[in-house]
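Notes for the one structure printed next.
2 protein chains.
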Amino acid sequence: VSVSRPTPAPSGVEAAWVDGLEAASVKVLDRGLHYGDGLFETIACPHARPRLLELHLERLLAGCERLGIRGVSRPQLEAEIERAAAVPGLLKLILTRGSATARGYAPHGDETATRVLLRYPWPADDLDAGRDGVSVRIAALRLGENPALAGLKHLNRLEQVLARAEPHSESTSEALLFSSSGALISGTMTNVFLVEKGVLSTPRVDLCGVAGVMRRIVLREAARARLASGEALLAREHLERAEEVFLTNARIGIWPVRAIGQRVLAVGPVTRELQRLIAPLLQEGTLG
Amino acid sequence: VSVSRPTPAPSGVEAAWVDGLEAASVKVLDRGLHYGDGLFETIACPHARPRLLELHLERLLAGCERLGIRGVSRPQLEAEIERAAAVPGLLKLILTRGSATARGYAPHGDETATRVLLRYPWPADDLDAGRDGVSVRIAALRLGENPALAGLKHLNRLEQVLARAEPHSESTSEALLFSSSGALISGTMTNVFLVEKGVLSTPRVDLCGVAGVMRRIVLREAARARLASGEALLAREHLERAEEVFLTNARIGIWPVRAIGQRVLAVGPVTRELQRLIAPLLQEGTLG
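Line by line, the protein sequences give chains H and W. Add 2 to the 1-based position in the first sequence for my numbering, that's all there is to it. Add 2 to the 1-based position in the second sequence for my numbering, that's all there is to it.
Right, here's the structure in full:
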């Protein structure tokens, strides 16, 4: 199962498994294809070990619970991920409700979940971005609000695709997204944190957005370090007033934001302190 | 290409083609699977001819334009649909942006769209529903609002899946959906029309919902028959005050609603008149 392919496809994928077996395709009736009826996780394995695997699996299984996807075996997922991570890389796990057993949107309860596991090479070093920060833009697209889907890392990602596809300068690494009611939510592939008068906050993800694994780590480390911090309903003004802004995800850790459109920001002390606190996690895969 | 399979799978699918060739699977890197990055059409072919093909293709290609899916050949789609419709059935065409050529949400512009065409048997006769009407419920789930996606028949359908999965009585055939701001939008698989003081209206689909092909036909036929009619922003009160309510889609034509939860409705004259006007279309595939 852990056989790797010497010549990556143009997409860069090195190896692919479906339901535990090396495979390059999924069934045409898969509800992941038809409806985006499923979830995914992106798991960093830079040292040939799946980083934060517990948190990824916890979120995935909580998502299955909310979507009513049944019959998923955690030990089986763990074993397959561990095997795929025998080589350094970035894993993407897609878990769908499985092939449709009848026509139409309604799940029939007798579907068997499909597991698609892909390994990509570990991306080119992002150390520069972590050190110097990145430029971001504000997306024109606004996210729809739906508490039933909020927080989940589900497969309905057209909003993120369209936000990324907006015309933009080559120099911006990410787009910040607001929701239809004007709340700041996240980047397209990152969560966002603000520091305002020394207080750290990140948008709530109860109307839209993804409850990121690294977001959770940063909130936990901030609380441990007794930094004033929490989730909040944040508007454009909060972003404009923030002294520090940074982005997080499971792969990148923390990227300071050094510019939002024309506005330049300094990389501040709270960002640096949090980077320092999570450095052991990024370097060795564990936190003290 | 038009070979049909004698033994349908449990899902009922009779035949499947991918990019014009009989096939049972799509590539694991397809962006339809990863992001729901694509569109679909359900085309009724009860008489071994694709009904309303022009309107389906027009909507599909308009959707490609909006999502930036390029290189789709209308003649090729037409030819494949015509061949698949050589046997009576219900066709589902899924058109995705194609396999990912790089990791991440951003389309890279060099993708080749994937065409998945499925033929299901023509469903068991719905004549009873057309004659006697159906019972519907109000879904607890509310649709997120996003003008960038509104009107499109795209593959991000988790909201519809969850609405169908809500606990409900066996006797309800459809669930009506409101949006996050309280506007009536549609059913999960149908558009909805109301008659209030003799005036026909259907919800706008500029914040969410699908611009249904049969919805378009009904609006056109109503205008031809000089019925007062149009699209409108409709709230719960409009639904409560309506004398007549009916549902439409490309397969069913018009289903009168005879009950919404506990409230019983009569099948009224506007509904019957519109059913009469579209009957030739349903029976012979063309309108005068």
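Note that beta-carbon positions come from the ideal geometry of N, C-alpha and C, so glycine has one too.
Query - Burial state of GLU246 (chain W) (16 or more Cβ within 10 Å) - result: Residue burial annotation: GLU246 (chain W) is buried, with at least 16 other C-beta atoms found within 10 angstroms of its C-beta.
Query raised in the report: Less than 8 Å separating the beta-carbons of TYR122 (chain W) and GLU16 (chain W)?
Result: A contact, by the Cβ cut-off of 8 Å.
Requested in this report: Have a look at H:LEU79, H:ASP130, H:GLY65, H:GLY211 and flag the residue whose alpha-carbon is nearest the alpha-carbon of ARG260 (chain H).
Outcome: It is H:ASP130.
Query raised in the report: Whose Cβ in chain H lies nearer than 7 Å to the Cβ of GLY70 (chain W)?
Result: In chain order: ALA167.
Query raised in the report: In the DSSP assignment, what are the bridge partners of LYS94 (chain H)?
Result: Its beta-bridge partners are H:THR44, H:LEU120.
Query - Residue-level contact to chain W via CB, ARG274 (chain H), 8 Å cutoff - result: Taking Cβ atoms only, chain W never reaches closer than 8 Å to ARG274 (chain H), which makes this a no.
Query - Exposed unless 16 or more other CB atoms sit within 10 angstroms - verdict on GLY200 (chain H) - result: So GLY200 (chain H) counts as exposed.
Query raised in the report: List, in order along the chain, the chain H residues whose C-beta lies closer than 8 Å to that of GLU147 (chain W)?
Result: Residues of chain H whose Cβ lies closer than 8 Å to the Cβ of GLU147 (chain W) are, in chain order, GLY146, GLU147, SER182.
Query - Reduced DSSP category for GLU24 (chain H) - H, G, I as helix; E, B as strand; rest coil - result: Look at GLU24 (chain H) here: in three-state DSSP terms it is strand.
Query raised in the report: In chain order, what residues of the same chain lie with their CB nearer than 7 Å to the CB of HIS36 (chain H), ignoring the 5 residues before and after it?
Result: Excluding its 5 nearest sequence neighbours in each direction, HIS36 (chain H) has C-beta neighbours in its own chain below 7 Å: ALA102, listed in chain order.
Query raised in the report: PRO258 (chain H) lies in the beta strand (DSSP E); which residues open and close that run?
Result: Residues 255 to 262.
Query raised in the report: Which whole-angstrom value describes the C-beta separation of ILE256 (chain W) and VAL220 (chain W), a residue pair presumed to lie in contact below a C-beta threshold of 8 Å?
Result: Contact annotation, ILE256 (chain W) with VAL220 (chain W): C-beta distance approximately 7 Å; criterion of less than 8 Å satisfied.
Query - GLY146 (chain H) vs SER182 (chain H) beta-carbon contact at 8 Å - result: Going by C-beta atoms, GLY146 (chain H) is nearer than 8 Å to SER182 (chain H).
Query raised in the report: Of all Cβ atoms in chain W, is any one closer than 8 Å to the Cβ of ASP32 (chain H)?
Result: Yes, ASP32 (chain H) lies at the interface with chain W (some Cβ there is under 8 Å from its Cβ).
Query raised in the report: With ILE83 (chain W) and GLY34 (chain W) assumed to form a contact (beta carbons below 8 Å), what rounded beta-carbon distance in angstroms separates them?
Result: Actually they do not touch by this definition, with Cβ atoms about 18 Å apart.
**Report entry** For VAL272 (chain H), the three-state DSSP class (helix, strand or coil)
**Finding:** Here VAL272 (chain H) sits in helix by DSSP.
Query raised in the report: Just the Cα atoms here: how many angstroms apart are VAL269 (chain H) and GLN277 (chain H)?
Result: The alpha-carbon atoms of VAL269 (chain H) and GLN277 (chain H) are separated by roughly 11 Å.
**Report entry** Bridge partners - LEU196 (chain H), DSSP secondary structure assignment
**Finding:** As DSSP reads the structure, LEU196 (chain H) sits in a beta bridge with H:SER203, H:VAL247.
Query raised in the report: Using a C-beta to C-beta distance shorter than 8 Å, which residues of chain H count as neighbours of ASN159 (chain W)?
Result: With the sequence shown as reference, residue 159 (chain W) is identified as Arg, and Asn is not the correct amino acid for it. The contact set of ARG159 (chain W) on chain H, defined by CB atoms closer than 8 Å, consists of HIS36, TYR37, GLY38, ASP39, TYR107, ASN158 in chain order.
Query raised in the report: Is there a Cβ from chain H that is less than 8 Å from the Cβ of MET191 (chain W)?
Result: Closer than 8 Å to some Cβ of chain H, the Cβ of MET191 (chain W) qualifies, so yes.
Query raised in the report: Are the C-beta of ALA237 (chain W) and some C-beta of chain H separated by less than 8 Å?
Result: Output row for ALA237 (chain W): interface = no.
Query raised in the report: If you drop the 5 nearest sequence neighbours on each side, which residues of the same chain put their C-beta closer than 7 Å to that of ALA142 (chain H)?
Result: A distance below 7 Å between beta-carbons, with the five flanking residues on each side excluded, links ALA142 (chain H) to the following residues of its chain, in chain order: GLU168.
**Report entry** Residues, ordered as in the chain, of the region 17 to 29 of chain H that lie near chain W by beta-carbon distance below 8 Å
**Finding:** Near chain W, meaning a CB-to-CB distance below 8 Å, the residues of the region 17 to 29 of chain H are ALA18, VAL20, ALA25, ALA26, SER27, VAL28, LYS29.
Query - Exposed unless 16 or more other CB atoms sit within 10 angstroms - verdict on SER188 (chain H) - result: By the 10 Å Cβ count, SER188 (chain H) comes out buried.
**Report entry** Neighbour flag for ILE96 (chain H) against chain W, beta carbons, 8 Å
**Finding:** For ILE96 (chain H), the answer is yes, since a Cβ of chain W falls inside 8 Å of its Cβ.
Requested in this report: Return the CA-CA distance between LEU241 (chain W) and VAL266 (chain W), expressed in angstroms with no decimal places.
Outcome: In a straight line, the C-alpha of LEU241 (chain W) is about 12 Å away from that of VAL266 (chain W).
Query - Short Cβ contact (8 Å threshold) for LEU164 (chain W) with GLY38 (chain W) - result: Not a contact, by the Cβ cut-off of 8 Å.
Query raised in the report: Hey, VAL207 (chain W) and HIS58 (chain W): beta-carbon distance below 8 Å or not?
Result: Not closer than 8 Å, so no.
Query raised in the report: Quick one: which chain H residues come within Cβ less than 7 Å of ARG55 (chain W)?
Result: Before going on, a small fix: residue 55 (chain W) reads as Leu here, not Arg. Neighbours of LEU55 (chain W) across chain H, judged by C-beta separation under 7 Å, do not exist; the nearest C-beta is about 20 Å away.
Query raised in the report: For ALA18 (chain H), is the classification buried or exposed, using 16 other Cβ atoms within 10 angstroms of its Cβ as the cut-off for buried?
Result: It is buried - the Cβ of ALA18 (chain H) has at least 16 other Cβ atoms within 10 Å.
Query - Spatially closest choice to ALA152 (chain H) from H:SER27, H:GLU239, H:GLU60, H:ARG68, by CA coordinates - result: Among H:SER27, H:GLU239, H:GLU60, H:ARG68, the Cα nearest to that of ALA152 (chain H) is on H:ARG68.
Report task. Below 8 Å CB to CB, which residues in the same chain sit around ARG159 (chain H) once its five sequence neighbours on both sides are set aside? Result -> GLY38.
Query raised in the report: With a cut-off of 8 Å, does the C-beta of VAL207 (chain H) fall near any C-beta of chain W?
Result: Against chain W, the CB of VAL207 (chain H) has no partner CB under 8 Å away; the residue lies outside that interface.
Report task. Anything in the region 115 to 127 of chain H with a Cβ closer than 7 Å to a Cβ of chain W? List those residues in chain order, please. Result -> Residues passing the 7 Å Cβ filter: VAL118, LEU120, TYR122.
Query - Helix, strand or coil at ARG139 (chain H) [DSSP, three-state] - result: ARG139 (chain H) sits in a strand when the DSSP states are folded into three classes.
Query raised in the report: Taking three-plus beta-carbon pairs below 8 Å as touching, is the region 109 to 116 of chain W in contact with the region 72 to 86 of chain W?
Result: With contact defined as three or more Cβ pairs closer than 8 Å, the region 109 to 116 of chain W and the region 72 to 86 of chain W are in contact.
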